[in-house]
Each structure stands twice: as C-alpha cells, then as structure tokens.
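Colleague: Numbers 3 to 171, taken from my numbering, label the letters of the sequence shown in order.
C-beta: ideal position from N, C-alpha, C; glycine also.
No experiment lies behind these values; they were computed from the predicted model shown.
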Amino acid sequence: MRALLALSVLALTFTGCWEKKVKNLSDAEFDHYYVLKPFMSEESRKTYLKLKTEEERNQYLKDQGLWDRFYKYSEAEREEIVSGAVAVGWTKDKVLMAWGPPHDKQKLVGREAQRSERLVYRFEEQPDGTVLVWAPNSKTEYKAVRLYQVNVILDDDKVTEIVEKPRWD
Numbered sequence: 003m004r005a006l007l008a009l010s011v012l013a014l015t016f017t018g019c020w021e022k023k024v025k026n027l028s029d030a031e032f033d034h035y036y037v038l039k040p041f042m043s044e045e046s047r048k049t050y051l052k053l054k055t056e057e058e059r060n061q062y063l064k065d066q067g068l069w070d071r072f073y074k075y076s077e078a079e080r081e082e083i084v085s086g087a088v089a090v091g092w093t094k095d096k097v098l099m100a101w102g103p104p105h106d107k108q109k110l111v112g113r114e115a116q117r118s119e120r121l122v123y124r125f126e127e128q129p130d131g132t133v134l135v136w137a138p139n140s141k142t143e144y145k146a147v148r149l150y151q152v153n154v155i156l157d158d159d160k161v162t163e164i165v166e167k168p169r170w171d
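1. Report the rounded CA-to-CA distance for THR93 versus GLN66, giving the unit in angstroms.
2. Quick check: what's the CA-CA separation for TYR73 versus TRP170?
3. Under the three-state reduction of DSSP, which class applies to LEU110: helix, strand or coil?
4. To the nearest angstrom, report how far apart GLN116 and ASP158 are at their CA atoms.
5. Just to confirm before moving on: does the CB-CB distance between ARG71 and LEU38 stay below 8 Å?
6. On the premise that ARG148 lies in contact with GLU166, defined as a C-beta separation below 8 Å, what is that separation, rounded to the nearest angstrom?
7. Whose C-alpha, out of GLU45, LYS22, LEU27 and SER46, is nearest the C-alpha of GLU57?
8. So what does DSSP say about ARG120, is it helix, strand or coil?
9. Check LYS23 in the structure and name its three-state DSSP category.
10. Can you look up ARG169 in the DSSP assignment and give me helix, strand or coil?
11. Going by DSSP, name the residue or residues bridged to LEU134.
12. Report the three-state DSSP secondary structure of LYS39 (helix, strand or coil).
13. Can you give me the Cβ contacts of TYR50 inside the same chain, cut-off strictly under 8 Å, excluding the 5 residues immediately before and after it?
14. Just how far apart, CA to CA, sit HIS105 and GLY91?
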C-alpha cells in the first residue's frame, strides 16, 4: 500500500525527529498519515506523531473526525487513493488524499458547472522510475530525469478532466 507514498514523500516538511516518527509508523498508519495530512493542521500532525501507540493514533483520527473521511470509501477505493490512481469521476477530497495539496489552484469561468477549478500538480520522475509529487523547497528536484505537470479540472468538486503537460507552466 505504500505505492502512493513515494508520491507524497516530497510533501514531508518535518525535519529531525518528526521525520523519524513518520518512518516508524506501521504501513496502515503511514497510509493514514499521508492521505489525511491535507486535512490536518500542523499542530494536529505533530500531536498525531507524538502519540505512543497505534491504538492512540487511530483513536485520535476518530476523535478529530478524520477517520471516517478515509474509511467512508470501499477497500478498493482506498487502495486507489493510496496508489495515487486519480481518475475522472473522483471527488476533490479523494484527489487531495491521493496527491496532497496542489501546487496551484485556479478558478475557471465559462463552464457549465456552478463551481469549476483547476488543481495544478507538479511531478518529478527520479532515475529509478519513482514519481514524486513536487513540493516547494524540494531537495530531490536536482536528481529528477523528468519534470511534468498534471492539471485536474473539477466541476462542482468532481474530476471531469485530467490533462498531463510535458513541462511545468
């Protein structure tokens, strides 16, 4: 289930002991942390990582109302989220769980939907084939063999288009 987590590694902003705490999480906790991270404040993330046991961390997610945000989906959908398999028809929340916060957001006008926006994601492919979601101040960008962008178009919070561009705008 750690397939997507290669995508999320760049989003890791903690240093020192926080990074060690993330690496020490079980596979399930690691997945929970990364898919729910876009919905947690920095303080919530630190609190989660300070807790001693998996049971305490799971209960914390439940108490914060985050557990159901992920577990309302079927097991197959959760696996798609963790693998980063964003697809047309997904909700905005699922995209955020899969790829984290976008590099940029733009409101779109002139579309039939009440609310339309473009989520811009930047990716970098490493020499070993690993694909990472780019984050500001990335320390791996210099190693990338390919940089590309994916624009996710949302109409009324549902993915209606996914457009890959060969370069960053």
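Modeller: In brief:
1. Your numbering for residue 93 matches position 91 in the sequence shown. Your numbering for residue 66 matches position 64 in the sequence shown. Answer to the nearest angstrom: the Cα atoms are 21 Å apart.
2. As a first step, residue 73 is located in the sequence shown; it is residue number 71 there, counting from the start. As a first step, residue 170 is located in the sequence shown; it is residue number 168 there, counting from the start. When only Cα atoms are considered, TYR73 and TRP170 end up about 34 Å apart.
3. By one-based count along the sequence shown, residue 110 stands at place 108. LEU110 falls in the coil class under three-state DSSP.
4. As a working mapping, residue 116 is identified with position 114 in the sequence shown. As a working mapping, residue 158 is identified with position 156 in the sequence shown. Each residue's alpha carbon lies about 6 Å from the other.
5. Counting from 1 along the sequence shown, the entry for residue 71 is found at position 69. Counting from 1 along the sequence shown, the entry for residue 38 is found at position 36. In this structure, the beta-carbon distance from ARG71 to LEU38 falls below 8 Å.
6. As a working note, residue 166 is residue 164 in the sequence shown. As a working note, residue 148 is residue 146 in the sequence shown. Contact doesn't hold; Cβ gap of about 11 Å is too wide.
7. Locating residue 57 in the sequence shown gives position 55, counting from the first residue. Minimum Cα distance to GLU57 is reached at LEU27.
8. Against the sequence shown, residue 120 aligns to sequence position 118. Strand.
9. For the purposes of this step, residue 23 is taken as residue 21 along the sequence shown, with counting starting at 1. Correct three-state label for LYS23: helix.
10. To locate residue 169, count along the sequence shown from 1; it is residue 167. It is coil, neither helix nor strand.
11. Indexing the sequence shown from 1 puts residue 134 at position 132. LEU134 pairs with GLU126.
12. Your numbering for residue 39 matches position 37 in the sequence shown. Taken through DSSP and simplified to helix, strand or coil, LYS39 comes out as helix.
13. Working through the sequence shown from its first residue, we reach residue 50 at position 48. For TYR50, where only same-chain residues beyond five positions count, the Cβ hits under 8 Å are TYR35, MET42, ARG59, TYR62 and LEU63.
14. Position 103 of the sequence shown, counted from the start, is the residue given in the question as residue 105. Position 89 of the sequence shown, counted from the start, is the residue given in the question as residue 91. Counting only the Cα atoms, GLY91 lies some 21 Å from HIS105.
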